[in-house]
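Numbering (our numbering), first residue to last: 1 to 356.
See structure below.
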Amino acid sequence: MPLAAPVTTATEPFRCIALDAGTRLFEGPDSLTSVPWRASLRTLTDVTVVTRERWLPLTPDGYRRICGIALLLLTGIVVSGAAVRLSGSGLGCSDWPTCEQDQFIPEANLHGWIEFGNRLVTGLVSLAVVAAVLGSLARRPKRRDLLRWSWGLVAGVVGQVVLGGIVVLNHLNPWLVLGHFALSMVLVWNAVVLHHLAGDHDRPKFVAPPILRHLSGWLSGLAMVVLATGTLVTGSGPHTGSRDEPVPRLPFTVREVAQVHGSSVVVLILLAGAIFLSARRHGGNPTLSRAVNWLIIIVAAQATVGWTQYFTGVPAVLVGLHVAGATALWMTVVRLRLVVTDSRGPCTTAGTRRPM
1 MPLAAPVTTA TEPFRCIALD AGTRLFEGPD SLTSVPWRAS LRTLTDVTVV
51 TRERWLPLTP DGYRRICGIA LLLLTGIVVS GAAVRLSGSG LGCSDWPTCE
101 QDQFIPEANL HGWIEFGNRL VTGLVSLAVV AAVLGSLARR PKRRDLLRWS
151 WGLVAGVVGQ VVLGGIVVLN HLNPWLVLGH FALSMVLVWN AVVLHHLAGD
201 HDRPKFVAPP ILRHLSGWLS GLAMVVLATG TLVTGSGPHT GSRDEPVPRL
251 PFTVREVAQV HGSSVVVLIL LAGAIFLSAR RHGGNPTLSR AVNWLIIIVA
301 AQATVGWTQY FTGVPAVLVG LHVAGATALW MTVVRLRLVV TDSRGPCTTA
351 GTRRPM
């Protein structure tokens, strides 16, 4: 039986074009298999190999620098978020994730751009966090604990973005604002731990005396109380976050919660002093000395700013400095706790020198 003649369909011209393109790609002087293309591919391969050999594997110190950048940006987003609230720009963008219902970027108004700029900073934070995850995979020697802590940053940033959107959609509900700040402090804690663990742990460690370990634990718990009561003062105060719309405040008077907050700060100062004296008595470790000295400096500065802002009518600039100081205080407390509890690596006893 004779074969039927091929039927020409409407797709035949496209089939011919595809065949011609395939022929041009793999045959002829300008194809991918030609000498110039092969040379270009070899050059690209060489560049890739050189780049990989230069930047990968990532050294412990190199990865720690990446974690330091992520930590810096995470603290920066806390300060920029405070600037949004203190400038009355919290509802500069009334919608989320777009600025308004029908547009992604704000109109030509200052408050909208302040709020939108804070969202752009969140984008930079996200990139830094992704770099921390990729860096933990490229670091040599590779450690699973760093990967887990870096993924903790990813989870925290996602939660922060979602909760930030909920805050805007609920018109700056003060309880949600406090929750957003608390989540930011959790992220900072995660970032400080990752930065501490990311370095080269072949350096000598020391065994801190029990009194320092106990005091640092009490300090960590008390610092949480100070942060919590401080957010209650802020949530009850005059800086609502919006100048155009009424925003509810917490059902407390500023004087009442400020007294509770101030009392916790006094106890914190006394505890920091006890840690300083104990560290001097069991001295001999420079890492411990630096951590304690920074604690004393930041506690003194933060207490000064806090009392000054209260007795001068809580001006926005001083409130912003106080938020930045609270973040720095939390970082210092976490760092000190890590120093006195990190027992990995070759150890020396506090107050003694490691033999040369």
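Cβ atoms here follow ideal geometry from the backbone N, Cα and C, with glycine treated the same way.
{"Item": "Report yes or no: do three or more beta-carbon pairs, one from the stretch 291 to 304 and one from the stretch 171 to 186, lie closer than 8 Å?", "Value": "no"}
{"Item": "Does histidine 195 pass the burial test, meaning 16 or more other C-beta atoms within 10 Å, or should it be called exposed?", "Value": "buried"}
{"Item": "Just the C-alpha distance for alanine 316 and proline 238, rounded to the nearest angstrom, thanks.", "Value": "10 Å"}
{"Item": "Just checking, does the stretch 142 to 154 make contact with the stretch 79 to 86 on the three C-beta pairs under 8 Å criterion?", "Value": "no"}
{"Item": "DSSP state of glutamate 245, grouped into three classes?", "Value": "coil"}
{"Item": "Give a yes or no on contact between the stretch 219 to 228 and the stretch 161 to 176, applying the rule of three or more CB pairs nearer than 8 Å.", "Value": "no"}
{"Item": "Between the Cα of serine 59 and the Cα atoms of Val340, Arg140, His214, Leu270, which residue gives the shortest distance?", "Value": "Here residue 59 turns out to be threonine, not serine, going by the sequence shown. Residue Arg140 is the option with its Cα nearest to threonine 59."}
{"Item": "Three-state secondary structure (DSSP) at leucine 58?", "Value": "strand"}
{"Item": "Note the first and the last residue of the continuous alpha helix (DSSP H) segment covering glutamine 101.", "Value": "Where glutamine 101 is concerned, there is no enclosing alpha helix (DSSP H), given that its DSSP letter is neither H nor E."}
{"Item": "So, at 8 Å on beta carbons, what are the nonlocal neighbours of valine 49 in its own chain, with the 5 sequence-adjacent residues on each side left out?", "Value": "Per-residue confidence for valine 49 stands at a pLDDT of 44, beneath the threshold of 50, marking its modelled position as unreliable; the derived number appears in the next sentence. Counting only Cβ-Cβ distances below 8 Å, and skipping sequence neighbours, we find nothing."}
{"Item": "Going by beta-carbon coordinates alone, are glutamine 340 and glycine 325 separated by less than 7 Å?", "Value": "The question names glutamine, yet the displayed sequence has valine at residue 340. Result no, Cβ atoms of valine 340 and glycine 325 do not sit closer than 7 Å."}
{"Item": "How far does the alpha helix (DSSP H) with arginine 290 in it reach, from first residue to last?", "Value": "286 to 311"}
{"Item": "Is it buried or exposed, leucine 137, if we count other Cβ atoms within 10 angstroms and call 16 or more buried?", "Value": "exposed"}
{"Item": "Who pairs with arginine 139 in a beta bridge, going by DSSP?", "Value": "Leu58"}
{"Item": "Just to confirm the assignment, what range does the alpha helix (DSSP H) spanning leucine 169 have?", "Value": "144 to 169"}
{"Item": "Are the beta-carbon atoms belonging to valine 157 and valine 129 less than 7 Å from one another?", "Value": "yes"}
{"Item": "Any C-beta of chain B sitting closer than 7 Å to the C-beta of arginine 144?", "Value": "Although the question refers to chain B, the structure presented lacks it and comprises just one protein chain."}
{"Item": "Does proline 315 come out as helix, strand or coil in the three-state DSSP assignment?", "Value": "coil"}
{"Item": "Can you round the beta-carbon distance between glycine 199 and aspartate 61 to whole angstroms, since I take them to be within the 8 Å contact cut?", "Value": "7 Å"}
{"Item": "Considering only C-alpha positions, which residue in the set Arg337, Leu338, Leu336, Met331 is nearest to valine 186?", "Value": "Met331"}
{"Item": "DSSP three-state call for histidine 261: helix, strand or coil?", "Value": "helix"}
{"Item": "Distance check for leucine 271 and leucine 74, CA to CA, integer angstroms please.", "Value": "27 Å"}
{"Item": "Between the C-alpha atoms of arginine 281 and valine 192, what's the straight-line distance to the nearest angstrom?", "Value": "27 Å"}
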